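Trainee: There's a structure below that I have some questions on.
Numbering (our numbering), first residue to last: 2 to 75.
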């Protein structure tokens with residue numbers, strides 16, 4: 002399973018399911034860190050943030066790329 006999920010081209014209504022499966026799968030596999038590419042869309046970042054809250058994990062924007070979120074799963 003890839004550790005980077007790129008949401009470019011995905012409709013907002015599909016993001017919930019895709020991100021939920023991505024994060025859930027990596028938690029089960031005990032992956033320590035993953036990345037989600039949201040682009041600059043504030044709405045996309047908000048949706049991803051809501052899902053991460055359900056998993057009790059937080060994200061941090063990559064230093065040189067605000068369109069990429071780094072998520073620590075431990």
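For each residue, glycine too, the CB sits at the ideal point set by N, CA and C.
Only a predicted model underlies this, so the values are computations on that prediction, with no experimental measurement involved.
Whole angstroms is fine: what's the gap from residue 62's alpha carbon to residue 5's?
Mentor: Along the chain shown, one-based indexing puts residue 62 at 61. Along the chain shown, one-based indexing puts residue 5 at 4. Whole-angstrom Cα-Cα distance: 14 angstroms.
Trainee: Within a Cβ cutoff of 8 angstroms, which residues of the same chain sit near residue 46, ignoring the five residues on either side of it in sequence?
Mentor: Translated into positions along the chain shown, residue 46 becomes position 45. Excluding positions up to five away in sequence, the list reads 39, 70.
Trainee: DSSP three-state label for residue 4, please.
Mentor: Mapped onto the chain shown, residue 4 falls at position 3. Note: residue 4 maps to coil in three-state DSSP.
Trainee: Can you tell me whether residue 60 is buried or exposed, with buried defined as 16 or more other CB within 10 angstroms of its CB?
Mentor: Working through the chain shown from its first residue, we reach residue 60 at position 59. It counts as buried.
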